[in-house]
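Protein chains in written order, with this note's numbering: chain E, 1 to 170; chain L, 1 to 340; chain V, 1 to 376; chain C, 1 to 100.
Cβ coordinates follow ideal geometry from the N, Cα and C atoms, glycine included.
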Amino acid sequence: MAEAIAFYVLAACILGFAVLVVTAKNPVHSVVFLVLDFLCVAALYVTLGAEFVAAIQVLVYAGGIVVLYLFVVMLVNVKRPPEAFRAGGRHAMLGLALAGAVLVEAAAIAVWSRLSPAAPASAAQSLPVSGNTEQVGWLLYTSYLVPFEVASMLLLVAMVGAIVLARKES
Amino acid sequence: MVELVLIPLLKIIVVLNATLLGVTYMVLLERKVIAWAQSRLGPMRVGPYGVLQPVADAMKLMLKEDITPARADKWVFTLAPILSMVPALVVYAVIPFGDQVHLFGRQISLYITDINVGLLYVVSVTSVGVYGIILAGYSSNSKWPLLASLRASAQLISYEIAITLTLVSVVLMSGTLSMVGIVTSQASQGVWYAFIQPTAFIIFFIGGLAETNRAPFDLPEAEQELTGGFHTEYSGMRFALFFLAEYANIIVVSSVATTLFLGGWLRPFPNVEFLSFLGVVPGWCWFLLKSFVFLYLFIWVRATLPRYRYDQLMRLGWKVLIPLAIANLILTAIVKVALA
Amino acid sequence: MSSPTPQYGPMFDTDELVINMGPQHPSTHGVLRVVLRLDGEKVVDADVVIGYLHRGVEKLSESRSWAQIVLLTDRLDYVSAATSNVGYCETVEKLMAIEVPRRAKYLRVILSELQRIASHLLWLGTHAMDTGAMTVFLYAFRERELILDLFEEYCGARLTYNSMRIGGLPQDLPPSWDRKVLEFCRIMEGKLEEYETLLTGNRIWLERTKGVGVIDGAEALALGLSGPPLRGSGVRRDVRKDEPYAAYDEMEFDVPLGVAGDTFDRYVVRMQEFRQSIRIIRQAMQGIPEGPILGKVPRLIKPPAGEVYHAIESPKGELGFFIVSDGKSMSPYRFRVRPPSFCNLQALPRLVKGHLIADVVALIGSLDVVLGEVDR
Amino acid sequence: MITPTHYLLLSMALFTIGLAGVMTRRNIIIVFMSIELMLNAVNINLVAYSAQVQNLVGQVFAIFVIAVAAAEAAVGLGILLAFYRNKETVNIDEINLMKW
């Protein structure tokens with residue numbers, strides 16, 4: 001019962017804020033809604049028992065990435081009036097149609113999958129450590145060590161690239 | 001029901017109220033200590049020795065007109081102080097003020113909750129606090145606050161890295177992210193982490209000064225440079241929220257430092273049998289005492305040092321503290337593996 | 001479609017921020033206004049706007065009697081009224097060729113040097129405060145209070161003393177005043193150590209001041225700097241030594257000089273001047289002769305036709321008075337002040353260029369301007 | 001009872017909103033933010049199924065997605081700033097040349 005209430009409230013918040021992100025006229029407002037959206041997603045992760053991912057979601061997404069967005073919005077936006085939201089136009093109609101099509105397709109899959117019985121849940125993995133953080137860490141440093149290192153290289157490359165790109169020509 | 005709802009609710013109420021009271025009296029303490037450092041008396045008019053000054057301040061701030069500047073982004077302008085206040089208060093959920101006590105025939109733990117990602121929770125929640133500052137600067141529609149908020153956010157993000165790295169080396173020592181677990185591991189290892197992680201401790205303290213925008217890193221609100229910083233355009237209760245958030249953050253940093261490095265509620269030298277008579281003093285008293293030492297240090301530093309310049313602050317953060325923290329982390333890991 | 005050649009340069013660069021510092025700003029020392037053009041936090045250009053405190057002292061003086069003008073000079077550099085008084089009175093004495101008694105000359109030296117300490121204390125306090133060291137501010141004001149008490153005992157006023165008369169001084173020293181002055185010198189020497197402990201060796205203070213606003217001697221002269229900002233650049237120029245007035249020719253003191261010409265050197269020069277002032281006061285107290293304090297002055301002060309320029313070393317720099325008398329009217333025909341603050345302030349745009357906002361504040365502090373004197 | 005289907009539907013709806021944002025908005029920053037929404041939709045799915053099948057690999061991959069999102073945001077915004085400096089625009093319709 002409590003789980004259902006939590007899910008529906010959080011789902012409503014997530015979707016509501018997401019709609020606001022997309023529709024807000026002022027990009028700064030979009031960013032604020034995006035933060036709130038991510039915080040709700042983090043709360044959803046907590047209800048799913050994924051505390052570590054939730055904490056990372058808040059720390060990296062809400063506390064890092066979106067701050068970057070806010071910076072850029074402010075730098076780009078300071079002297080210009082907020083871009084007016086123009087929904088009209090061929091592109092927009094096409095986009096909405098495409099989004100609708102994707103939604104219908106995905107919903108069809110979901111309904112179909114619901115009609116057919118779900119695959120039996122595989123047995124829980126046995127890991128030598130307990131606790132969500134420890135287990136995630138264990139997996140990251142054993143089975144997924146290579147992807148983990150690749151991700152760290154990716155971040156390094158992104159860091160260098162961002163500095164090179166954003167640096168002023170002098 | 002009592003266990004599940006009532007006791008946590010009571011704890012939340014007590015902690016929130018104690019925090020807010022502590023914050024207001026932190027302001028008074030600061031004014032008094034700085035006054036003594038400067039051979040002044042500080043507030044003396046309201047109540048004996050000015051002890052009721054916070055009440056008067058609160059009254060004043062509540063009664064003041066709450067001005068929204070023309071052409072300000074009204075919603076964001078209202079949201080910003082809330083966004084900086086809420087994270088500052090929410091962090092107290094995981095801070096262990098003491099061990100368990102017997103009260104009304106029940107075992108009551110002196111913390112709201114103990115979650116297994118406690119330290120990550122602290123770091124992530126405080127990282128959200130930066131939004132209040134950025135949005136305040138943006139929404140004021142004024143140039144000085146904008147400059148200040150850009151300064152503040154760059155500063156917060158830079159020093160957060162150094163702080164988080166020091167926290168990782170503490171976690172390496174304790175093997176747990178739970179705040180209570182960190183204290184108990186200090187008890188079982190018989191030493192405060194300040195003694196085996198002195199570098200981390202110092203980096204944490206310096207980073208804490210910068211995180212809370214305190215002197216000598218108080219650039220975002222440097223009155224002499226930026227006419228007051230990101231809250232220049234704020235007045236009344238909304239200004240008070242920023243003010244409270246700042247001091248609440250100072251108390252958070254002190255509490256976290258106490259928990260991680262000074263053994264939380266443990267008595268000094270928890271492994272020395274000879275000093276066991278110190279155990280007479282309840283744990284939460286030790287906790288408050290240690291936090292108080294930090295608060296005093298914060299104020300003392302403010303009364304003594306000039307302010308860094310922005311580029312020097314960034315240089316200190318990126319070229320000194322972060323490399324030091326990384327080196328300390330690697331060293332800790334090596335020693336840990338070598339001993340294991 | 002834009003032109004095929006890439007267009008870089010200032011046109012497409014990120015925009016500069018034009019920001020108004022003052023006239024209501026906590027660290028522009030009154031009502032100075034600086035319009036800054038910023039690139040990020042870096043100052044691209046600075047434009048100093050003055051005149052917010054203009055009271056027309058010069059014009060006003062042309063319709064006041066010669067004796068009344070002493071009172072107006074109080075309002076020039078209002079934190080250093082006594083030196084302005086000395087400057088004006090000596091100028092008129094020079095014009096009228098009045099012989100000032102030796103005791104009065106000594107008293108003028110003592111009051112000037114006390115005033116110099118008071119003015120430098122104010123500078124030290126505000127300069128330190130601008131860089132965030134607020135305790136120094138209150139310490140400096142604590143000692144300045146002692147000097148104000150001394151002045152109050154001497155002439156009854158604490159800020160605008162009106163403490164000089166053409167031809168001498170209005171009154172002799174109050175009883176046991178000399179003992180109090182010596183006592184103050186003793187206290188002050190100890191307190192100087194305290195300030196230096198807080199600032200001189202402080203790493204943050206060094207980082208904030210060393211290499212900030214460097215100006216070499218030649219350029220400082222070209223910009224018309226005088227006083228500590230000039231001596232901080234290593235130029236040996238002190239009116240007290242070069243063109244001694246009052247009893248300075250009988251005093252023994254050093255002129256502290258800087259080397260690099262940065263904010264730190266200007267700081268060091270002024271800190272040394274504290275010590276030299278104390279030294280001068282001690283000598284003057286010891287050697288003060290007995291005698292009258294007012295020379296032979298006609299009942300009606302009416303200088304002969306002619307013009308005169310006379311300069312003294314005020315705490316801020318060379319304070320000069322240029323006065324033209326037509327010999328007929330009861331007031332000066334032309335009255336012009338060469339205010340050191342005004343001339344020193346001219347260097348600000350040159351000094352702040354390329355520095356950060358925080359340095360602007362430190363540099364305004366290190367030039368030690370008083371807007372009453374700039375705007376007159 | 002909340003089944004994975006619920007999470008799947010939520011994730012789909014969020015993905016669709018993000019997609020609609022990408023297609024309709026012209027401010028490139030908001031387009032970026034919509035992409036972040038879509039990545040989050042994927043993450044919700046990963047974490048939900050990870051909880052359902054009691055296998056933490058889903059969470060591990062959610063962390064990888066977050067890392068990639070961070071890299072994407074940094075580089076994307078870097079490009080954007082460089083672009084803005086030269087063209088003074090964030091309108092995606094005007095950003096249609098490979099060089100200028």
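Beta-carbon contacts of residue i that lie in its chain and below 8 Å, excluding the five residues immediately before and after
i	result
A67(V)	R165, I166 and I301
Q59(C)	L46, V47 and S50
H29(V)	T126, I364, G365, V369, V370 and L371
V65(C)	L39, V42, N43 and L46
A69(C)	E36 and L39
Within 7 Å, strictly: CB atoms of residue i and residue j
i	j	result
R267(L)	L278(L)	yes
F151(V)	Y139(V)	no
A347(V)	L230(V)	no
V31(V)	L53(V)	yes
S30(E)	M23(C)	no
V28(E)	V73(E)	yes
P256(V)	V269(V)	yes
V128(L)	A42(E)	no
A246(V)	V337(V)	no
S331(V)	E58(V)	no
Candidates the options: closest to residue i by CA position
i	options	result
R37(V)	K328(V), V18(V), T200(V) and G22(V)	V18(V)
P96(L)	A37(L), G42(L) and L177(L)	L177(L)
V364(L)	I12(L), T19(L), P54(L) and G50(L)	With chain L covering only 1 through 340, there is no way to say anything about residue 364(L).
L107(V)	I204(V), A128(V), Q286(V) and T131(V)	Q286(V)
I293(V)	V31(V), V34(V), R102(V) and S80(V)	R102(V)
Y92(L)	A70(L), F269(L), A148(L) and T113(L)	T113(L)
W123(V)	I278(V), G51(V), E113(V) and R144(V)	R144(V)
V42(C)	F83(C), L80(C), L19(C) and G78(C)	L19(C)
A107(E)	L10(C), I2(C) and T3(C)	L10(C)
P303(V)	K328(V), E196(V) and F322(V)	K328(V)
G25(E)	D99(L), L61(L), D73(L) and I163(L)	Checking the displayed sequence, the identity of residue 25(E) turns out to be Lys instead of Gly. Of the candidates D99(L), L61(L), D73(L) and I163(L), the one whose C-alpha sits nearest the C-alpha of K25(E) is D73(L).
K336(L)	Q197(L), A210(L), F201(L) and W192(L)	Q197(L)
A81(V)	V49(V), Q115(V), R64(V) and V48(V)	Q115(V)
F141(V)	E62(V), Y195(V) and F322(V)	Y195(V)
E284(V)	V181(V), L351(V) and C343(V)	The question names Glu, but residue 284(V) in the sequence shown is Ala. Among V181(V), L351(V) and C343(V), the Cα nearest to that of A284(V) belongs to V181(V).
G56(V)	R350(V), F335(V) and Y309(V)	F335(V)
L139(E)	F52(E), G100(E) and V22(E)	F52(E)
L167(L)	C285(L), A194(L) and S84(L)	A194(L)
Cβ-based burial, residue i [other Cβ within 10 Å; buried from 16]
i	result
G190(V)	exposed
E83(E)	For E83(E), the pLDDT reaches just 47, beneath the cut-off of 50, and the residue's location in the model is therefore unreliable, leaving the point undetermined.
D37(E)	buried
I109(E)	exposed
I312(V)	buried
Neighbourhood of residue i by C-beta distance below 6 Å, restricted to the same chain and skipping five residues each side
i	result
W144(L)	L226, T227 and T232
Cut-off 7 Å between Cβ atoms - residues of its own chain near residue i, not counting five sequence neighbours on either side
i	result
D99(L)	L110, W265 and G283
L147(L)	L226
G88(E)	Confidence is the limiting factor: at G88(E) the pLDDT is only 47, short of 50, which leaves the residue's position unreliable, though a coordinate-based value still follows. The answer is none, since no qualifying residue turns up.
I330(L)	none
Which residues of the segment 135-151 of chain E have a Cβ closer than 7 Å to any Cβ of chain C? Give them in chain order. Q135, V136, L139, L140, Y144, P147 and A151
Members of the segment 35-61 of chain C near chain E, C-beta cut-off 8 Å: E36, L37, N40, N43, I44, V47, A48, S50, A51, Q52, V53, Q54, N55, L56, V57, Q59 and V60
Note down, in chain order, all residues in the segment 302-321 of chain L with a beta-carbon under 7 Å from any beta-carbon belonging to chain V. A303, T304, L305, P306, R307, Y308, R309, Y310, D311 and Q312
Counting only Cβ-Cβ distances shorter than 7 Å, please list the residues of the segment 33-48 of chain L near chain V, keeping chain order. A37, Q38, S39 and R40
Chain-ordered residues of the segment 152-166 of chain E with a beta carbon less than 7 Å from chain A: Given the protein chain composition of this structure (E, L, V and C), no chain A is represented.
Chain V contacts from the segment 227-247 of chain L (Cβ-Cβ distance under 9 Å): T227 and G228
What residues in the segment 109-125 of chain L bring their beta carbon closer than 8 Å to a beta carbon of chain E? I115, N116, V117, L120, Y121, V123, S124 and V125
Give the residues from the segment 68-92 of chain L that approach chain E closer than 9 Å (Cβ to any Cβ), ordered along the chain. D73, W75, V76, L79 and L83
Give the residues from the segment 48-62 of chain E that approach chain L closer than 7 Å (Cβ to any Cβ), ordered along the chain. E51, F52, A55, V58, L59 and A62
Which residues, taken in chain order from the segment 148-167 of chain L, show a beta carbon closer than 7 Å to some beta carbon of chain E? S153 and I157
Any C-beta of chain V within less than 7 Å: which residues of the segment 125-143 of chain L qualify? K143
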